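Note that the UniProt record's numbering numbers the sequence shown so that position 80 is 80, with each residue one more than the last. Remarks on the structure that follows.
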Amino acid sequence: MYTPVLKGPRVCNTTKQGTPSSKQHHEDQGALQTGQGQNCGEVQIWVIKQISETFNIPRSTIKSIIKKWKVYGTTTNLPRESHAPKLKDQARRALIREATKTPKISLKEMQSSKAEIGVSVHRTTLSRTLHRAGLYGGGQKESHNLKKKISKHVWCSPKGMWETPQTYGRRHSGQMRIKLGFLAIKENAVWRKPNTSHHPENTIPTVKHGDGSIMLWGCFSVTATGKLVRIEGMMDCTKYREMIEGNLLQSSRDLRLGWRFTFQQDNDPKHTTKATLKWFKGKHLNVLEWPSQSPDLNPIENLWYDLKIAVHPRNPSNLKELEQVCLEEWAKIPVARCAKLIETYRKRSAAVNAAKGECTKY
């Protein structure tokens, strides 16, 4: 079958099977006069009829497809008109502004605030609106109370200390308190955009834990992790010196670091007493000057996090078992992880310097 070309209003269309009937001819002519037969160029009504019979499709469907192609240039389903949005543009902007200004606000509180102005909207609608604006709910990142931001910023100012060869000869230390079921603690949720968890408005200061936990001290260098010991009772400068002498020096001998290494410790009061500094001087240990409350500068904080993640699946049932599991998982930390953390020194310093002493992603 071929598609005939219309040459005039009085010329009938023909096919290989013969000419259409007189009734069909008059229908075609009437359609042409009303404009209904001029679908997709020269396609005629009788052709539509044959397509309908061949594929068992209603004529109205074929006509609508041809019309859609002629108007829109496609036969795919077009987007349909949706109902009017619950939130007008002004209300939507106000919602985003409210979530940005007060990240800790909950969906229930947002719903109540909208109800006060006569807008009844479901929480799912509020959540979708915030997601379209790039705001997602997430837990608050813990941060220390950085009271000496200025000194921290000055300490991280470009002075070349992160690029010296002695960087790889440093030994970092720190203390961590780990408790049973630590990952079961409920997080405080905030509305934030991706990669903004370290911003001040999205962080929460840490607090000291009580019972059901142990305090650990550990150290590491670019070569491997050192000793990990449990601190019994309250730590004072005397107990700290005894712990350093029995563990730091032994770790240095085990890892063959020699005596010419730089020791980094937190600027805790018991770490900087005259007796402690005198002991370091008597042992000829080079102690790195360190700003107070700077966890994002100390790479051992990343190892503490890795340790907690590794301990959690083992689910220790008591403090003694918790200590043993920590010792086992600490020894499993790969050397490549330690070396990678040492390599981030320069980036850490630059990030803190750019943040002017505020909390960073590290």
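Yeah, the Cβ is synthetic: ideal placement off N, Cα and C, and Gly gets one too. All values reported here derive from a predicted model rather than from experimental measurement.
For Ser213, name the three-state secondary structure that DSSP assigns.
Your numbering for residue 213 matches position 213 in the sequence shown. The answer is strand: DSSP assigns Ser213 an E or B state.
Going by the CB atoms, is the gap between Met243 and Lys270 shorter than 8 Å?
Counting from one through the sequence shown, the residue named residue 270 turns up at place 270. Counting from one through the sequence shown, the residue named residue 243 turns up at place 243. Going by C-beta atoms, Lys270 is not nearer than 8 Å to Met243.
Can you check DSSP and say which residues form a bridge with Trp191?
Locating residue 191 in the sequence shown gives position 191, where the first residue counts as 1. Bridge partners of Trp191: Gly137.
Does the count of Cβ pairs from the stretch 328-341 and the stretch 216-229 closer than 8 Å reach three?
yes
If you draw a straight line from the alpha carbon of Arg92 to that of Gly118, how long is it in whole angstroms?
Translated into positions along the sequence shown, residue 92 becomes position 92. Translated into positions along the sequence shown, residue 118 becomes position 118. About 14 Å.
Nearest-angstrom Cα separation, counted from Val71 out to Ala354:
Residue mapping note: residue 354 aligns to position 354 of the sequence shown, counting from 1. Residue mapping note: residue 71 aligns to position 71 of the sequence shown, counting from 1. Approximately 56 Å, taken between the alpha carbons.
Between which two residues does the alpha helix (DSSP H) harbouring Lys281 extend?
As a first step, residue 281 is located in the sequence shown; it is residue number 281 there, counting from the start. Start and end: Lys274 to Gly282.
On the three-state DSSP scale, how would you describe Thr203?
The residue you call residue 203 lines up with position 203 of the sequence shown. Looking at Thr203 - three-state DSSP - the assignment turns out to be strand.
CA-CA distance, Thr196 and Leu135?
As a first step, residue 196 must be located in the sequence shown, where it is residue number 196. As a first step, residue 135 must be located in the sequence shown, where it is residue number 135. Their Cα atoms are separated by approximately 10 Å.
Quick check on Asn247: does DSSP put it in helix, strand or coil?
For this step, residue 247 is matched to residue 247 along the sequence shown. The answer is helix: DSSP assigns Asn247 an H, G or I state.
Drop a sphere of 10 angstroms on the beta-carbon of Thr252, count the other beta-carbons inside from all chains shown, and report buried for 16 or more, exposed for fewer.
Walking along the sequence shown from the start, residue 252 turns up at place 252. The sequence given here has Ser at residue 252, not Thr. Buried, because 16 or more other Cβ atoms sit within 10 Å of the Cβ of Ser252.
Buried versus exposed call for Arg346 [16 or more other C-beta atoms within 10 Å across all chains shown]:
Locating residue 346 in the sequence shown gives position 346, where the first residue counts as 1. So Arg346 counts as exposed.
For Phe55, which of helix, strand or coil comes out of DSSP?
Counted from its first residue, the sequence shown places residue 55 at position 55. Reduced to three states, the DSSP call for Phe55 is helix.
Cβ-based burial, Glu329 [other Cβ within 10 Å; buried from 16]
For the purposes of this step, residue 329 is identified with residue 329 of the sequence shown, where counting begins at 1. Buried.
Does the distance between the C-beta of Gly137 and the nearest non-hydrogen atom of the ligand ATP fall short of 7 Å?
Here there are no bound small molecules, and the ligand ATP is not part of this structure.
When you compare the CB positions of Val121 and Lys88, do they come within less than 8 Å of one another, or not?
Numbered from its first residue, the sequence shown carries residue 121 at position 121. Numbered from its first residue, the sequence shown carries residue 88 at position 88. In this structure, Lys88 does not lie closer than 8 Å to Val121 by Cβ.
Could you spell out the range, first to last residue, of the beta strand (DSSP E) harbouring Thr225?
Position 225 of the sequence shown, counting from 1, holds the residue named residue 225. It spans Thr225 to Ile231 - the beta strand (DSSP E) in which Thr225 sits, taken as one unbroken run.
Three-way DSSP call (helix, strand, coil) for Asn286 in this model
Along the sequence shown, one-based indexing puts residue 286 at 286. Correct three-state label for Asn286: strand.
Assuming Asn298 contacts Gly174 under a Cβ cut-off of 8 Å, what Cβ separation, rounded to an integer in Å, is found between them?
Along the sequence shown, read from residue 1 onward, the residue named residue 298 stands at position 298. Along the sequence shown, read from residue 1 onward, the residue named residue 174 stands at position 174. So it is a contact: roughly 6 Å between Cβ atoms.
Spatial neighbours of Trp304 within its chain, please: CB distance less than 6 Å, with the 5 preceding and 5 following residues excluded, ordered by chain position.
In the sequence shown, the residue the question calls residue 304 occupies position 304. Correct list, in chain order: Met176.
Secondary structure of Lys179, DSSP reduced to three states
Locating residue 179 in the sequence shown gives position 179, counting from the first residue. Strand.
Using the Cα positions of Asp340 and Asp306, report the straight-line distance between them to the nearest angstrom.
Counting from one through the sequence shown, the residue named residue 340 turns up at place 340. Counting from one through the sequence shown, the residue named residue 306 turns up at place 306. Residue 340 is actually Lys in this sequence, not Asp. Their backbone Cα atoms lie some 13 Å apart in a straight line.
With a threshold of 16 other CB atoms inside 10 Å of the CB of Arg348, please say whether the residue is buried or exposed.
The count along the sequence shown starts at 1 and reaches residue 348 at position 348. Buried: at least 16 other Cβ atoms inside 10 Å.
Return yes when the Cβ of Leu180 is within less than 8 Å of the Cβ of Gly138, no when it is not.
By one-based count along the sequence shown, residue 138 stands at place 138. By one-based count along the sequence shown, residue 180 stands at place 180. Taking 8 Å as the Cβ cut-off, Gly138 and Leu180 do not qualify as a contacting pair.
Run of the beta strand (DSSP E) containing Gln90, from where it starts to where it stops
Locating residue 90 in the sequence shown gives position 90, where the first residue counts as 1. No beta strand (DSSP E) holds Gln90; the alpha helix (DSSP H) holding it covers Asp89 to Lys101.
Determine the DSSP secondary structure at Thr125, reduced to helix, strand or coil.
Taking the first residue of the sequence shown as 1, we reach residue 125 at position 125. Correct three-state label for Thr125: helix.
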